[in-house]
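These notes are about the structure you will find just below.
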Amino acid sequence: SQTIHQWPATLVQPVGSPLSLECTVEGTSNPNLYWYRQAAGRGLQLLFYSVGIGQISSEVPQNLSASRPQDRQFILSSKKLLLSDSGFYLCAWRASGFSYEQYFGPGTRLTVT
Amino acid sequence: GNSVTQMEGPVTLSEEAFLTINCTYTATGYPSLFWYVQYPGEGLQLLLKATKADDKGSNKGFEATYRKETTSFHLEKGSVQVSDSAVYFCALHYSGNTPLVFGKGTRLSVIA
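If you read the sequences in order, they're chains A and B. Residue numbers are given in the working numbering: position 43 of the first sequence equals residue 43, and the series is strictly consecutive. If you want the working numbering, it's the position in the second sequence, counting the first as 1, plus 1000.
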């Protein structure tokens, strides 16, 4: 069966510090991968998605970036965090082909102080 | 464009009450439709789905029917429990590798 991991689970970082959040998927090959953010009490905001290694689509222009160094690994980064980067970050995957549902990881709670 | 509209929350119900959360969509072609549930502090879980008109998705006592004529996919449950308290998201998929399009979510609180 497939599983998705995210770490860390929680993170407190000062303004201006760098960020690296990691997501890995097990039990599948060539998945589509996604990064979302939820601000407190708000809906989902799609940040990036990837349909293959090195292929990243950015949905929102901001100080975040994403990379996919391996087939089942997706990394969200920032060089300098802003207060507005605080939120709940969710990674998700979808099997390639004709199955369209996305499966979400447990999330990372980021607080920028 | 493609979009999903959900009823504004929060929705507060007493235990054993009937639940309806409205969801309507705008999409080109024939989208697949989904309901997700998010419990506090957790990621989203797929609750049910429907891939073509008149399909009924069901899971854990929840149901939703894909109504093409009204472009709707309303979520229903006959008797809610306190443990159903969560945020519910309606979503659609319309084309190829495009990500799901999500509604803004509806918060449900069930009180004993």
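Glycine included, each C-beta is placed from N, C-alpha and C at the ideal position.
As assigned by DSSP and simplified to three states, the class of residue i
i: residue 96(A); result: coil
i: residue 1100(B); result: coil
i: residue 1(A); result: coil
i: residue 84(A); result: helix
i: residue 1072(B); result: strand
i: residue 15(A); result: coil
Chain B residues whose Cβ lies nearer than 9 Å to that of residue i
i: residue 32(A); result: 1097, 1099
i: residue 104(A); result: 1036, 1038, 1042, 1043, 1044, 1045, 1046
i: residue 64(A); result: In chain order: nothing, as chain B lies at least about 16 Å away.
Start-to-end residues for the beta strand (DSSP E) that takes in residue i
i: residue 22(A); result: 19–26
i: residue 47(A); result: 44–52
i: residue 1057(B); result: 1056–1059
i: residue 109(A); result: 108–112
i: residue 1107(B); result: 1106–1111
Paired residues, beta bridge with residue i - DSSP
i: residue 32(A); result: 94(A)
i: residue 56(A); result: According to DSSP, which records beta bridges pairwise, residue 56(A) is partnered with nothing at all.
i: residue 1089(B); result: 1036(B)
i: residue 76(A); result: 21(A), 66(A)
i: residue 38(A); result: 44(A), 88(A)
i: residue 1011(B); result: 1108(B)
i: residue 1006(B); result: 1023(B)
Residue i: contacting residues in chain B (beta-carbon distance under 8 Å)
i: residue 90(A); result: 1043, 1044
i: residue 76(A); result: Going along chain B, no residue has its Cβ under 8 Å from residue 76(A), so there is no contact; the nearest lies around 15 Å.
Contact list for residue i against chain A, beta-carbon separation under 7 Å
i: residue 1105(B); result: 43
Residue i: contacting residues in chain B (beta-carbon distance under 7 Å)
i: residue 26(A); result: Here the premise fails: no neighbours, minimum Cβ distance about 16 Å.
i: residue 101(A); result: 1034, 1046, 1049
Legend entry - Meets three-Cβ-pair contact criterion under 8 Å: the segment 16–31 of chain A and the segment 65–84 of chain A: Yes: at least three Cβ pairs fall under 8 Å.
Legend entry - Three CB pairs or more closer than 8 Å across the segment 1062–1070 of chain B and the segment 92–111 of chain A: Two segments are said to touch when three or more pairs of C-beta atoms, one from each, lie closer than 8 Å; by this definition the segment 1062–1070 of chain B does not touch the segment 92–111 of chain A.
Legend entry - Touching by the beta-carbon criterion (3+ pairs, under 8 Å), the segment 1089–1097 of chain B and the segment 1032–1040 of chain B: Between the segment 1089–1097 of chain B and the segment 1032–1040 of chain B, the count of Cβ pairs shorter than 8 Å is three or higher; the stretches touch.
Legend entry - Cβ contact (3+ pairs, closer than 8 Å) linking the segment 23–39 of chain A and the segment 87–94 of chain A: Yes, the segment 23–39 of chain A touches the segment 87–94 of chain A.
Legend entry - the segment 1078–1086 of chain B touching the segment 1009–1027 of chain B, judged by at least three CB pairs closer than 8 Å: Yes, they touch.
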